[in-house]
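In what follows, a single structure is set out as structure tokens and then discussed.
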Amino acid sequence: MKSLLTPLMCVLLAAPAFAQERPDTDKRIADLERRLEAMSRELEAQKTGSAVPATPEEGRFGLGASAAKVYSVPSGLSVGGYGEFLYEGRAARLQDGTHVGAEKQADALRMVLYTGYKFSDRIVFNSEIEFEHGGYSDEHPEGEAIAEFYYLDFLINKAINVRAGQLLVPMGFVNEIHEPPAFLGARRPQVEQTIIPSTWHELGVGIHGDLTGSVTYRLYLLNGLDGSRFNAGGIADGRQDGNKAKAQSLAWTGRVEWTPTPGVLLGTSFFTGNSNQSGTGEAITTSVWDIHAEYRAGGLQLRGLYTRSSNSDGGVAALAATDPAREVGTRQWGGYLEAGYDLLKGSKQALIPYLRFERLNAQQTVVAGVVTDQSQDRTLLTAGLAYKPIPQVAVKADWTRDENRARTGRDQFSLALGYTF
Amino acid sequence: MIRVLAPLALTLPLFAALPTTQEALALAFPGAQLTRREHVLTETQAGRVKALAQVDLPGSWTVVYEARKGGQLLGVGFFDTHRVRTLNETLLVAISPESRILRVEAVAFREPAEYMAKEAWVRQFEGKGLEPQLSLKGAIHPLSGATLTAHAMTDAARRCLALHQVLYREAR
């Protein structure tokens, strides 16, 4: 009997205690649920970068209440970069059969760091610091360490924003977007190195924005080129790179691009200004313009660019007869067509055979008394293969048949490894 | 001229301003009642999502917004946060009960604004389901000059469609 009573007594004695604990347990569970809910909303806000109101069930859209926006992109630092290594093997024979011996070279071509800082929603700093050919040192002064661009953006609205500082000239495809996985070819198109001398950057100020109908534009006022450094190869050496740039004469540059439908890009750009920075003598009006188009769909990518440039005859002719700048083409032109097709459809990787055909002439016309260098009239055909294990990394190998009217062209094999992040 | 343009410019929306999560939901489901739901995927469900999406799934905890009008489910909004280059963006991917994308809207983009996808490009996702063609080598045209953004957005669309499939169609 005692053995039966003992557990019963225990149950009876414990019952009030359990009855008292249940409300406590419910309260604790409710409290835990409330805490979990608060933490989950906090985590959600952290992840999305934009807080969702605690009572979204009642939330209704109010576009007019822009002042109440919780646009909470934080201020702070952003870092990116890209780089490329290049191996080049030049043929032992020139186009006319002359034996000059093979030439092979490995180059730490570029290592670039992008850094940006968002002071506020309206003021953003952006920069690109580049080390070329392994960097610069006393032992290797042929290398380069340079700030390709660094500017401040003053964001006003979608259509008009102001940019000032060291700016990339918004011409062609490659000058603004030159991360190696973004273009086909182990090397940049020759047209976009000679006629549009990428990478081309100058000091200036301008506006940019997006207009309706998928149109984007940029319009900058820059220091002009330094025409005293022009030569038979073109205007590339006239770039001042923001290095105590002579700003006696300024230049305008701009770009308009239209995307009528995703995958199609149509654009044009220009540069025009006086390249006589001496402040005296006749103006050397340099004008460059291009039209360009791109089509990308499925695995196919097509690109075409046509560009012309001119330097006013009067200004160039006024230079001293012995001045190498007098050999610059008063008219130059170039263009290329490029096609590639990704064979690995259905995969994140990409294997793209590509073909690029280029024609250019940096001395289509010259001033009287200058003999045209026929080697400037070039035709290049590049065939190659790009492999991208991930979109940010590219290995590209190609062969270029490089011919010119002087028959001194030299074919080349190129192998490049590039990345961007 | 400046006197005319300056006040106009300052009254237009800020270039980098994006809709808040609430505004994005209202754009996707105008006039709808929204219900917040949390899901914690089981290991089996997470594996299934990865298998369907063919992309990574960063965690098993997810919050969705169910949109209803007159008691009828119009769709579900998923917020997907992912890395573009070195910084994150967050997208709202609104999905219909039939597992088709209704709308994709960026609510946070921390990379420089020039890497952001244009509205016309983003509209390509509308009406797409979780099929092999939902890729940059399929029905989605690549984005010139912003390859990483295009990849990130396409992956996010696939991930959200797979989540929808597992949570709303296969869980029934």
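Residue numbers (our numbering), protein chains in the order written: chain A, 172 to 592; chain B, 381 to 552. Ideal Cβ positions, reconstructed from N, Cα and C, are used throughout, including at glycine.
Note to self: Given a cut-off of 9 Å on the beta-carbon distance, is the pair leucine 323/A and glycine 305/A in contact?
What the structure shows: Taking the first sequence and counting its residues from 1, the one referred to as residue 323/A is at position 152. Taking the first sequence and counting its residues from 1, the one referred to as residue 305/A is at position 134. In this structure, leucine 323/A keeps its C-beta atom at 9 Å or more from the C-beta atom of glycine 305/A.
Next item on the list: Identify each residue in the stretch 540-570 of chain A for which the Cβ-Cβ distance to at least one residue of chain B is less than 8 Å, and report them in chain order.
Entry: Hits within the stretch, in order: Pro562, Gln563.
Check: Of all the options Arg428/B, Arg490/B, Asp535/B, Val464/B, which has the alpha carbon lying nearest to the alpha carbon of glutamine 513/B?
Finding: Stepping through the second sequence from its first residue, residue 513/B is reached at position 133. If we check each option's Cα against that of glutamine 513/B, Asp535/B comes out closest.
Check: Any beta-carbon of chain B closer than 9 Å to the one on phenylalanine 592/A?
Finding: Position 421 of the first sequence, counted from the start, is the residue given in the question as residue 592/A. Cβ-Cβ to chain B under 9 Å: yes for phenylalanine 592/A.
Margin query: Taking 8 Å as the limit between beta carbons, can you name the residues of its chain near alanine 318/A, skipping five residues before and five after?
Written below: Within the first sequence, numbered from 1, the residue matching residue 318/A stands at position 147. Ser298, Glu299, Ile300, Glu301, Gln337, Gly413, listed in sequence order.
Item checked: Whole-Å CB distance - glutamine 583/A paired with glutamate 313/A, under 8 Å assumed -> Counting from one through the first sequence, the residue named residue 583/A turns up at place 412. Counting from one through the first sequence, the residue named residue 313/A turns up at place 142. Between glutamate 313/A and glutamine 583/A the Cβ distance is about 20 Å, and since that is not below 8 Å, they are no contact.
Checklist line | Neighbourhood of serine 515/B by C-beta distance below 7 Å, restricted to the same chain and skipping five residues each side | finding: Counting from one through the second sequence, the residue named residue 515/B turns up at place 135. Cβ neighbours of serine 515/B within its own chain (closer than 7 Å, five residues either side excluded): Thr534.
Next item on the list: Would you mind stating whether glutamine 545/A and leucine 531/A have Cβ atoms separated by less than 9 Å?
Entry: Walking along the first sequence from the start, residue 545/A turns up at place 374. Walking along the first sequence from the start, residue 531/A turns up at place 360. No. Outside cutoff.
Next item on the list: Report yes or no: do the stretch 425-441 of chain B and the stretch 397-417 of chain B share at least 3 C-beta pairs separated by less than 8 Å?
Entry: The stretch 425-441 of chain B is not in contact with the stretch 397-417 of chain B.
Notebook entry, point to check: For phenylalanine 290/A, is the classification buried or exposed, using 16 other Cβ atoms within 10 angstroms of its Cβ as the cut-off for buried?
Noted result: The count along the first sequence starts at 1 and reaches residue 290/A at position 119. The residue is exposed, with fewer than 16 neighbouring Cβ atoms inside 10 Å.
Notebook entry, point to check: What does a CB cutoff of less than 8 Å around histidine 372/A pick up in its chain, not counting 5 residues either side in sequence?
Noted result: Residue mapping note: residue 372/A aligns to position 201 of the first sequence, counting from 1. Cβ neighbours of histidine 372/A beyond the five flanking positions: Glu319, Phe320, Gln337, Leu338, Leu339, Val340, Arg410, Asp412, Gly413.
Checklist line | Nonlocal neighbours in the same chain, by C-beta distance under 6 Å from tyrosine 242/A, ignoring five residues either side | finding: Here residue 242/A is taken as the residue at index 71 of the first sequence, counted from 1. Per-residue confidence for tyrosine 242/A stands at a pLDDT of 27, beneath the threshold of 50, marking its modelled position as unreliable; the derived number appears in the next sentence. Non-local C-beta neighbours of tyrosine 242/A in its own chain, meaning closer than 6 Å and more than five positions away in sequence, are absent.
Note to self: With H, G and I counted as helix, E and B as strand and the rest as coil, what does DSSP make of valine 271/A?
What the structure shows: If you number the first sequence from 1, residue 271/A lands on position 100. Here valine 271/A sits in coil by DSSP.
Check: Any idea what DSSP makes of glutamine 535/A, helix, strand or coil?
Finding: Looking up residue 535/A in the first sequence gives position 364. The DSSP-derived three-state label of glutamine 535/A is strand.
Item checked: Which of helix, strand or coil DSSP assigns to serine 243/A -> Working through the first sequence from its first residue, we reach residue 243/A at position 72. Residue confidence for serine 243/A is low, a pLDDT of 33 falling below 50, so the modelled location carries little weight and cannot support an answer.
Note to self: So, with DSSP's three-state summary, where would you put proline 438/B?
What the structure shows: Position 58 of the second sequence, counted from the start, is the residue given in the question as residue 438/B. Reduced to three states, the DSSP call for proline 438/B is coil.
Note to self: Could you give the first and the last residue of the continuous beta strand (DSSP E) run that contains glycine 377/A?
What the structure shows: Translated into the one-based positions of the first sequence, residue 377/A becomes position 206. Unbroken beta strand (DSSP E) run through glycine 377/A: 372-382.
Next item on the list: Would you mind sorting glutamate 506/B into buried or exposed? The rule is 16 or more other CB atoms within 10 Å of its CB.
Entry: As a working note, residue 506/B is residue 126 in the second sequence. Flag for glutamate 506/B reads exposed.
Margin query: Using the three-state DSSP reduction, which class does threonine 553/A fall into: helix, strand or coil?
Written below: Walking along the first sequence from the start, residue 553/A turns up at place 382. In the structure shown, threonine 553/A falls within a strand segment according to DSSP collapsed to helix, strand and coil.
Note to self: Using a Cβ-Cβ cutoff of 8 Å, what residues of the stretch 462-476 of chain A are near chain B? List them in chain order.
What the structure shows: If the cut-off is 8 Å between Cβ atoms, the stretch 462-476 of chain A has Glu465, Arg467, Ala468, Gly469, Gly470, Gln472 near chain B.
Item checked: Contact list for the stretch 508-524 of chain A against chain B, Cβ threshold 9 Å -> So the close ones are Asp513, Leu515, Lys516, Gly517, Ser518, Lys519, Ala521.
Next item on the list: Between the Cα of glutamine 520/A and those of Ala216/A, Leu248/A, Pro560/A, spot the shortest distance and give me the residue it belongs to.
Entry: Counted from its first residue, the first sequence places residue 520/A at position 349. Nearest of Ala216/A, Leu248/A, Pro560/A to glutamine 520/A, Cα basis: Pro560/A.
Next item on the list: Alpha carbon to alpha carbon, how far is glutamine 266/A from alanine 330/A? Give it in angstroms, no decimals.
Entry: Mapped onto the first sequence, residue 330/A falls at position 159. Mapped onto the first sequence, residue 266/A falls at position 95. Cα to Cα, alanine 330/A sits roughly 51 Å from glutamine 266/A.
Notebook entry, point to check: Where does methionine 342/A fall in DSSP's three states?
Noted result: Position 171 of the first sequence, counted from the start, is the residue given in the question as residue 342/A. Under the three-state reduction of DSSP output, methionine 342/A falls in the coil class, being neither helix nor strand.
Margin query: In the DSSP assignment, the beta strand (DSSP E) including aspartate 460/B goes from what residue to what residue?
Written below: Numbered from 1 along the second sequence, position 80 holds the residue referred to as residue 460/B. 452-463 is the span of the beta strand (DSSP E), which, as asked, contains aspartate 460/B.
Check: Using the beta-carbon of each residue, which ones in chain B are nearer than 7 Å to isoleucine 300/A?
Finding: The residue you call residue 300/A lines up with position 129 of the first sequence. Contact annotation for isoleucine 300/A against chain B: no contact, minimum CB-CB distance about 15 Å [criterion: below 7 Å].
Next item on the list: Quick one: grab the DSSP three-state call for histidine 419/B.
Entry: Translated into positions along the second sequence, residue 419/B becomes position 39. In the structure shown, histidine 419/B falls within a strand segment according to DSSP collapsed to helix, strand and coil.
Margin query: Against chain B, which members of the stretch 371-385 of chain A pass a CB distance test of less than 8 Å?
Written below: For the stretch 371-385 of chain A, the residues whose beta carbon sits under 8 Å from a beta carbon of chain B are, in order, Gly380, Asp381, Ser385.
Check: Can you find a CB in chain B that lies within less than 9 Å of the CB of glycine 356/A?
Finding: Locating residue 356/A in the first sequence gives position 185, counting from the first residue. Closer than 9 Å: no.
Checklist line | For glutamate 350/A, the three-state DSSP class (helix, strand or coil) | finding: Looking up residue 350/A in the first sequence gives position 179. If DSSP states are grouped into helix, strand and coil, glutamate 350/A belongs with coil.
Next item on the list: Please decide whether threonine 461/B counts as near chain A, where near means a Cβ-Cβ distance under 9 Å.
Entry: Start at 1 with the first residue of the second sequence, and residue 461/B comes out as number 81. So yes, threonine 461/B belongs to the interface.
Next item on the list: Determine the chain B residues that contact asparagine 297/A at a beta-carbon separation under 7 Å, and present them in chain order.
Entry: If you number the first sequence from 1, residue 297/A lands on position 126. The contacting residues are Pro492.
Item checked: 8 Å CB neighbourhood of arginine 549/B in its chain, flanking five on each side removed -> Taking the first residue of the second sequence as 1, we reach residue 549/B at position 169. Excluding residues within five positions, the ones whose Cβ falls inside 8 Å are Ser479.
Notebook entry, point to check: Are tryptophan 460/A and serine 440/A closer than 9 Å when you measure CB to CB?
Noted result: Here residue 460/A refers to the residue found at position 289 when the first sequence is read from its first residue. Here residue 440/A refers to the residue found at position 269 when the first sequence is read from its first residue. Yes, these two residues count as a Cβ contact at 9 Å.
Check: So who's on the other strand from arginine 334/A, going by DSSP bridges?
Finding: Translated into the one-based positions of the first sequence, residue 334/A becomes position 163. Answer by DSSP bridge pairing, in chain order: Asp324/A, Gly377/A.
Notebook entry, point to check: At a Cβ threshold of 9 Å, is glutamate 215/A touching chain B?
Noted result: By one-based count along the first sequence, residue 215/A stands at place 44. At least one chain B Cβ lies under 9 Å of glutamate 215/A.
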